[in-house]
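Q: Below you'll find the structure I mean.
2 protein chains.
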Amino acid sequence: MKRAASQNRVLKAPTGSDVARVAGVSKSAVSRAFNGGLVSEDARARILEAARLLKYRPSLTARSLTTNKSGLIGVAITRLDNHFYPEVVEHISERLREEKYRLVLFITRGETDLEPVLDELLGYRLDGIVLASSSLAGQLAAECAQSNVPVIMFNNIDFENRAPGVTTDNAAGGSQIARFLLAGDHRRCAVITGVAESSTSTERSKAFNETIMAAGFPPPLVLSGDYSFEGATQATRQLLASATPPDAIFCVNDHMALAAVQAAAAAGKTPGRDVSIVGFDNVNIASWPTFSLTTYAQPTRQMTDDVINRLLKAIDGHPLANETIRIPGRLIVRDSARKPAGVKSDAHGTEYWDG
Amino acid sequence: MKRAASQNRVLKAPTGSDVARVAGVSKSAVSRAFNGGLVSEDARARILEAARLLKYRPSLTARSLTTNKSGLIGVAITRLDNHFYPEVVEHISERLREEKYRLVLFITRGETDLEPVLDELLGYRLDGIVLASSSLAGQLAAECAQSNVPVIMFNNIDFENRAPGVTTDNAAGGSQIARFLLAGDHRRCAVITGVAESSTSTERSKAFNETIMAAGFPPPLVLSGDYSFEGATQATRQLLASATPPDAIFCVNDHMALAAVQAAAAAGKTPGRDVSIVGFDNVNIASWPTFSLTTYAQPTRQMTDDVINRLLKAIDGHPLANETIRIPGRLIVRDSARKPAGVKSDAHGTEYWDG
DNA sequence: ATGAAAGCGCTAACAT
DNA sequence: ATGTTAGCGCTTTCAT
């Protein structure tokens, strides 16, 4: 009975005023103590002690109302099943945590309805947004930018260049893979693409095709794998069952390349010997001995660094240039494709090709 | 020049008062219009129109200050490289989105310092927290619960039962795997464990060992794989190189089992024929043809459903019982382990064993 | 049905 | 160095 009142207090988190009262100061003093403002050593000590006692932590919600910054960065992603994305999320999360920002994750799935997503994205007054290949990316980016919240597209970029972005130099990658395959004496190349709306898929496959044709070879056979494991499995099966099967298959991402490797094996073909398979991303699994996938490594670290750096600069008031940064990656050579001459080895023993 | 003023306005998001002014009503009316309160059809129409015009969206930050609910659920995870976790995050995200909550992701890595994490977790007045095998779980859970924010531990649970949790019935799983292996005529079992502090690892391996011994066989050889790919690779290599190698290896999660399968192959042993390997989790990759891993499937969907349901109930005012729910999974039979009699097939053609 | 006013927990001038 | 005051954008009595 006697404790009823104090028990109820537990239900509400202590406020700055509570601390102020206990410490015998004003709430501004408390605020200052927690924000590196001017407070006497004596007062600061009493405040900190009171805070400890009450288990007080400033409400970041209330703070963001006055400071007009939420400390929240939104990251929108379509799905997490392509292993490239969890890796990206981990990198971003790490940088964000160093910079004292929190990560609000939006997995948009096939969502086509913009409004609800916008309400959330914009409603929380996020300080910035990373659109990592969200299905709604282009549209979303435009809307957010209009509402004055910094947005950068990650990996997939906007065809119409309505928003800033960062991506691997996909054209360079696609082209280099083509040269790699040509140098390895492959003469009948095929490519398995993702979805048509995806800039990464089109940029990679286009450069690949052009390079092949520029070298005087017939245009590669192009099949869609729809970015899915099943799609790529299907496409590979079909390719290998043809009368004149390709001697090399370029999959525009590792997720599909990994499926292709297995589909090839199922068809009795050994990747790297009977048919060469090359991916794009260099996800962790690509290096697993079973797959040993030759693939163009995206410079994930540099990409996430760039996206965060620019976002922070924008938050800092320097308006975001509507620019797409394209960072070159590196062709990692493993065993899923026949090797040409000129394969080099770096300090870690990783083999790569830069022809 | 003439537009300077209006341009500046763009920098700040429109507020409810702005809408009120344009619509010719009070800001309470605006609030009501956006919260299903009582407003005349006429007023509502004008308000909505004004809001559309100004691109107004209620500030969820400000709202949460008054309502004392943030609409934010925190999810803390150690890492994302064990593919089980991205799958979990996706499920949770999906449920949360249906329930109109946003997901704040904390990847804690090896973090040992509690305070900064707590400041964030508690500072944002998250409505609830899911501790999915965060390294700091036990401690964190206790502190949060003390601060009156609902916390549930996911997958790994607290040894000392200081916090509610949900997990697979790990003991049932470990035990069933043992019986499965015994039924398949395996006589020299080994187990590769995770880290010692992990409840999942200890529960699974303990039940496994006890079942083996209860059947009158010598205790399995136990090696730590440290939950890492490399650790499991090492352990498998060591196991298979011994004078009397085991005929079956139980890895306490798929992440390590996948490593074991490859290490076995590298050692010239075919999994399922020369040595049986069984995992735990049933991550997506486990079903890939190359691995075709026999594994105990965690009831991920049911687990995430339970965690969200209980969290929502707690947010709704019904205090969280300090209870750990253990949901049984199912032993999925594939090719990485020799099959005993009694394997059944479900409606989807998935093979399982329930002996 | 609608508006006025108070207040959520904080920060930021402005005094002193 | 410290307290007072006035908001931040919203919801929520309480009148009317």
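Chains as they are written, first to last, in this note's numbering: chain A, 1 to 355; chain B, 1001 to 1355.
Even for Gly, the Cβ is constructed at its ideal location relative to N, Cα and C.
Small disclaimer: the values here were computed from a predicted structure and weren't measured.
#1: For residue 26 (chain A), which of helix, strand or coil comes out of DSSP?
#2: Against chain A, does residue 1239 (chain B) count as a neighbour if the rule is that its beta carbon must be under 8 angstroms from one of theirs?
#3: For residue 1120 (chain B), would you say it is in contact with chain A, using Cβ-to-Cβ distances shorter than 8 angstroms as the test?
#4: Curious, which full-length alpha helix (DSSP H) runs of at least 4 residues does the region 1059-1135 of chain B contain?
#5: As a quick exercise: from B:1132, B:1149, B:1095, pick the residue whose alpha carbon is nearest that of residue 1119 (chain B).
#6: In whole angstroms, what separates the C-alpha of residue 57 (chain A) from that of residue 1063 (chain B)?
#7: Does the Cβ of residue 354 (chain A) have 16 or more other Cβ atoms within 10 Å, making it buried, or fewer, making it exposed?
#8: Are there 16 or more other CB atoms within 10 angstroms of the CB of residue 321 (chain A), so buried, or fewer, so exposed?
#9: Tell me the DSSP bridge mates of residue 1182 (chain B)?
#10: What are the residues that DSSP puts in a beta bridge with residue 271 (chain A)?
#11: Check the Cβ-Cβ distances between residue 284 (chain A) and every residue of chain B, and say whether any is below 8 angstroms.
#12: Can you pull out the residues from the region 1095-1108 of chain B whose beta carbon lies closer than 8 angstroms to at least one beta carbon of chain A?
#13: Can you find a CB in chain B that lies within less than 8 angstroms of the CB of residue 290 (chain A)?
#14: Within 8 angstroms of any Cβ in chain A, is that where the Cβ of residue 1359 (chain B) sits?
#15: What residues from the region 1044-1068 of chain B come within 7 angstroms of chain A, judged by C-beta to C-beta, listed N to C?
#16: Among A:329, A:18, A:277, A:45, which residue has its Cα nearest to the Cα of residue 293 (chain A)?
#17: Is residue 338 (chain A) close to chain B? Criterion is C-beta to C-beta, closer than 8 angstroms.
#18: Quick one: residues in its chain with C-beta nearer than 8 angstroms to the C-beta of residue 1008 (chain B), no 5 flanking neighbours on either side, listed in chain order?
#19: Classify residue 193 (chain A) as helix, strand or coil using the three-state DSSP reduction.
#20: Just how far apart, CA to CA, sit residue 1248 (chain B) and residue 1074 (chain B)?
#21: Taking Cβ to Cβ, would you say residue 311 (chain A) is nearer than 8 angstroms to residue 152 (chain A)?
#22: Put residue 1326 (chain B) into one of helix, strand or coil per three-state DSSP.
#23: Looking at chain B, is there any beta carbon in it that lies within less than 8 angstroms of the beta carbon of residue 13 (chain A)?
#24: Given that residue 93 (chain A) touches chain B, what residues does it touch there, using C-beta distances under 7 angstroms?
#25: Using a Cβ-Cβ cut-off of less than 7 angstroms, list which residues of the region 1125-1157 of chain B approach chain A; keep chain order.
#26: For residue 93 (chain A), which residues in the same chain have their Cβ closer than 8 angstroms to its Cβ, ignoring the five residues on either side in sequence?
#27: Within the continuous alpha helix (DSSP H) that includes residue 1307 (chain B), where are the two ends?
#28: Secondary structure at residue 1152 (chain B), three-state DSSP: helix, strand or coil?
#29: Given this structure, state the Cα-to-Cα distance separating residue 1065 (chain B) from residue 1234 (chain B), to the nearest angstrom.
#30: Can you check whether the CB of residue 1157 (chain B) is closer than 8 angstroms to the CB of residue 1201 (chain B)?
#31: Need the endpoints of the beta strand (DSSP E) that residue 417 (chain A) sits in, please.
#32: Who are the near neighbours of residue 1124 (chain B) in its chain, counting only those whose CB is closer than 8 angstroms to its CB and skipping five residues on each side?
#33: Quick one: what's got a C-beta closer than 7 angstroms to residue 346 (chain A)'s C-beta in the same chain, skipping five residues either side?
#34: Does DSSP classify residue 165 (chain A) as helix, strand or coil?
#35: DSSP three-state call for residue 1015 (chain B): helix, strand or coil?
#36: Does the Cβ-Cβ distance between residue 1332 (chain B) and residue 1252 (chain B) come in under 8 angstroms?
A: Let me lay it out:
#1: coil
#2: no
#3: yes
#4: 1060-1067, 1084-1098, 1114-1123
#5: B:1149
#6: 20 angstroms
#7: exposed
#8: exposed
#9: According to DSSP, which records beta bridges pairwise, residue 1182 (chain B) is partnered with nothing at all.
#10: A:275
#11: yes
#12: 1097, 1102, 1103, 1104, 1105, 1106, 1107
#13: yes
#14: No information on residue 1359 (chain B) is available, as it lies outside the stretch 1001 to 1355 that chain B covers here.
#15: 1055, 1057, 1058, 1059, 1060, 1061, 1062, 1064, 1065
#16: A:277
#17: no
#18: Low confidence applies here, because residue 1008 (chain B) scores a pLDDT of 37, under 50, leaving its location unreliable and the question unanswered by this model.
#19: strand
#20: 40 angstroms
#21: yes
#22: strand
#23: yes
#24: 1105, 1107
#25: 1125, 1147, 1148
#26: 103
#27: 1300-1315
#28: strand
#29: 53 angstroms
#30: no
#31: Because chain A is modelled from 1 through 355, residue 417 (chain A) falls outside the range shown and cannot be assessed.
#32: 1070, 1072, 1074, 1104
#33: 352
#34: strand
#35: coil
#36: no
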